[in-house]
Amino acid sequence: TLPVVVAPDVDVAVAALAATGLQVLATTVDGEVSLEAAELSRPTAWLFGSESRGLSAQLARRADHRVRIPMSGSAQSLNVAAAAAICLYRSSRAQRLVPG
């Protein structure tokens with residue numbers, strides 16, 4: 005199962021996730037770490053922004069790392085469902101939660 009959390013105060017929620025020992029990663033188009041190079045073997049909480057604006061800079065800074073999904077061609081971003089599917093799959097593989 006995939007736990008999903010909806011919280012009215014996102015700063016409190018991110019702090020609570022980090023306090024439990026989760027690595028907090030934010031997806032951004034200009035992230036300092038490529039998804040290919042990201043350390044995903046630890047339990048991870050992912051932050052995804054809206055398709056039109058992405059994450060706020062303030063929220064992205066709260067994450068341990070900002071991760072970009074490498075893409076070819078002229079596309080600058082993916083829709084949030086595609087981005088989430090890619091990132092969650094990569095995390096699952098790294099944590100050996102799905103066969104590979």
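The sequence shown finishes on residue 104 if you use this note's numbering, and the numbering steps up by one all the way, no holes.
Note that beta-carbon positions come from the ideal geometry of N, C-alpha and C, so glycine has one too.
- Secondary structure in the stretch 24 to 84: the beta strand (DSSP E) runs of 3 residues or longer, each lying completely within the stretch, are 27 to 31, 48 to 51, 69 to 72 in chain order.
- With the rule of 3 Cβ pairs closer than 8 Å, the stretch 27 to 35 counts as touching the stretch 72 to 90.
- No Cβ-Cβ contact shorter than 8 Å links VAL14 with LEU44.
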